[in-house]
Each structure stands twice: as C-alpha cells, then as structure tokens.
Amino acid sequence: MKKLLISIMGVAIMCATPSVASAQFVDHSPAKKFVETDIHVLGGSTMITQNYASRFDEISELNSSAGFGFGAGAGAVFGLREWLGLGTEINLLVSNNKLDMAVGSEGSVSVSNIFISNRYAYADIPVYMSFRFNILGGLRWNVDAGLYYRYGIWGKQKQTIYNSTLNNLGQLVPRVVNAKVDYFRDNATFINSFHRSDIGLHIATGLQFGRHFTISMRLQAGFKNVAYNNGLRNPNIHNLSFLCGVGYKL
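Going by the working numbering, the sequence shown opens with residue 33, and the numbers climb by one from there.
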C-alpha cells in the first residue's frame with residue numbers, strides 16, 4: 033500500500049510539473065479574449081458607519097450592527113493585455129443593518145429606547161482595473177481596484193420605540209410605537225433619511241478555476257455622506273459592505 037501511494041504521488045507531481053512550468057505569473061502578451069463575461073451571486077455583511085452619538089447629545093447609548101447582504105449580477109472585463117483588463121458590472125444588492133439607542137436628556141421626564149431596522153436595495157455599478165496573475169495552469173488570481181456608483185431603488189425602515197414618561201403623579205407611563213417608513217428621501221425616517229445615489233471605493237480579489245468557475249471577495253466603502261437631512265445638526269453616514277461571490281464565466 034505504501035509503495036502504491038508513493039507511486040500515485042510521483043505520477044501526480046510529474047503531471048503537475050508541466051502546468052507549473054508553463055504558467056507565466058505575469059503574462060505580458062496580448063489578451064486572448066477581447067471581452068470576458070460572467071454571472072455571479074454575492075452574499076456577506078452590510079452596514080452603515082455613522083456619528084449619531086457625537087452629533088446628538090440626547091443619545092446616551094448606541095449600538096450599530098451589520099446585517100446580511102446579498103445580490104446577483106453580471107460583469108464584463110475588456111482585455112487590454114493578458115495580465116490587465118478594464119472591468120465593469122451591474123448588480124442588484126439588498127442590504128440590511130440595525131441600530132438601537134437610548135435617547136433622553138439630563139433632567140428629562142421622558143426616556144426612549146429606539147430600535148431601528150433598515151432594509152434597502154441598490155443598483156450597483158463598479159468600474160475597475162483588473163490585474164490578473166497565473167498561479168498554476170488552469171488557476172488564475174485577479175486583483176481589482178476602482179470605484180462604484182450606486183442608486184437606491186427601494187428601501188424600508190422599521191421603527192420600534194419604547195417610551196417611558198413620568199406623569200404629574202410621578203407614575204411611570206410606558207408606551208410602544210411601531211412604524212414602517214420608506215428608507216430613501218422620506219421625512220418620517222428616524223433622525224435623517226438617505227440619498228439614493230452613492231459613490232465609493234471598490235476593491236476585490238478572486239480566483240478563477242479553469243475556464244468557467246470563480247470565487248471572490250470584495251469590499252465597497254462609500255465616499256459620499258448619504259444622510260439626507262435639512263436640520264442644523266447633520267450626521268455623517270457612509271455605506272460599507274464586505275461580500276463574497278461565486279461566479280461562472282460564460
């Protein structure tokens with residue numbers, strides 16, 4: 033059995049050696065294909081960064097948590113050289129995040145615990161340079177860097193507010209308020225609404241196995257303050273997402 037295993041390993045190494053030798057890590061030759069297209073699905077973590085606590089003294093405690101984001105789309109990479117391409121995609125991304133906070137002021141007779149759940153969908157269009165490297169024959173590594181543009185097409189915010197107030201007799205009177213409002217450009221959202229458009233950094237890396245199958249990871253971080261608020265104390269809010277993907281090259 034041991035001799036058989038050694039023989040199998042030897043054959044495998046001999047078969048792999050030509051592939052390793054023939055795989056030029058950076059191939060400077062002209063692109064073999066003018067355009068490479070793919071379809072893919074995405075899933076991972078989505079959130080917003082915010083500075084509510086520093087902008088509003090009434091917020092005594094605040095927790096922000098990421099939610100599950102998912103999507104699907106199609107992409108194309110135009111070959112400039114075999115190692116370099118210009119890529120773009122169009123994706124539909126559904127994002128989620130949550131906030132909870134305690135709101136009250138010193139000497140106030142009213143304290144509120146507020147729970148916010150956001151769900152919203154973007155049309156996401158990244159444009160990037162794709163740097164492609166050959167690891168082994170049939171295994172390619174790519175690194176992408178560029179910008180994305182997003183446009184919000186749908187969104188809802190769910191609000192649950194637990195309010196406790198002291199009446200004239202010193203008794204604690206609780207009240208619960210539930211509301212569901214639009215996420216984009218709606219004056220009923222808590223503190224602020226959100227702009228539909230966003231622009232930011234897109235960086236990604238991935239592996240291509242053979243001619244068709246790919247796996248990838250991507251980070252998208254927004255440059256634009258997406259808070260839509262006409263008040264005197266405007267918060268600063270940015271989109272942030274980390275997604276993994278599985279794709280198929282056509």
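C-beta: ideal position from N, C-alpha, C; glycine also.
- Shown here, Tyr215 sits in coil according to DSSP, grouped into three states, outside any helix or strand.
- In this structure, the alpha-carbon of Ala177 lies about 17 Å from that of Gln240.
- Of the residues Arg113, Ser144, Ile71, the one whose Cα lies closest to the Cα of Gly107 is Ile71.
- When beta bridges are read from the DSSP output, Pro206 appears opposite Ser196.
- CA-to-CA, the gap between Gln252 and Thr78 works out to about 10 Å.
- Each of Tyr160, Val209, Leu94 was checked against the Cα of Leu131, and the nearest Cα belongs to Leu94.
- A Cβ-Cβ contact shorter than 7 Å links Asn210 with Thr192.
- Under the three-state reduction of DSSP, Arg87 is assigned to helix.
- Distances from the CA of Arg113 to each of Phe274, Val67, Leu264 were compared; the closest alpha carbon is that of Val67.
- Rounded to the nearest whole angstrom, the CA to CA distance from Thr246 to Tyr280 is 6 Å.
- Look at Arg265 here: in three-state DSSP terms it is coil, with no helix or strand label.
- The three-state reading of DSSP puts Leu282 in coil, since its state is none of H, G, I, E or B.
- Leaving aside the five residues that flank Asn195 on each side, the residues in its chain whose CB is nearer than 6 Å to its CB run, in chain order, Ser144, Arg207.
- A buried status is given to Ser162, since no fewer than 16 other beta-carbon atoms sit within 10 Å of its beta-carbon.
- Less than 7 Å separates the beta-carbon of Tyr160 from that of Gly119.
- By the neighbour-count criterion, in which 16 or more other beta carbons inside 10 Å mark a residue as buried, Trp186 falls on the exposed side.
- Beta bridge pairing from DSSP links Gln82 with no other residue.
- Spanning the alpha carbons of Gly103 and Val135 requires a straight line of approximately 34 Å.
- Counted as a single uninterrupted DSSP element, the stretch harbouring Glu114 is not any beta strand (DSSP E), since DSSP gives it neither H nor E.
- Here Arg243 is exposed: its Cβ has fewer than 16 other Cβ atoms, across all protein chains shown, within 10 Å.
- Here Leu275 really is in contact with Gly75; their C-beta atoms are around 6 Å apart, less than 8 Å.
- When DSSP reads this structure, Gly254 sits in a beta bridge with Gly232.
- Per DSSP, the unbroken beta strand (DSSP E) holding Pro158 starts and ends at 142-168.
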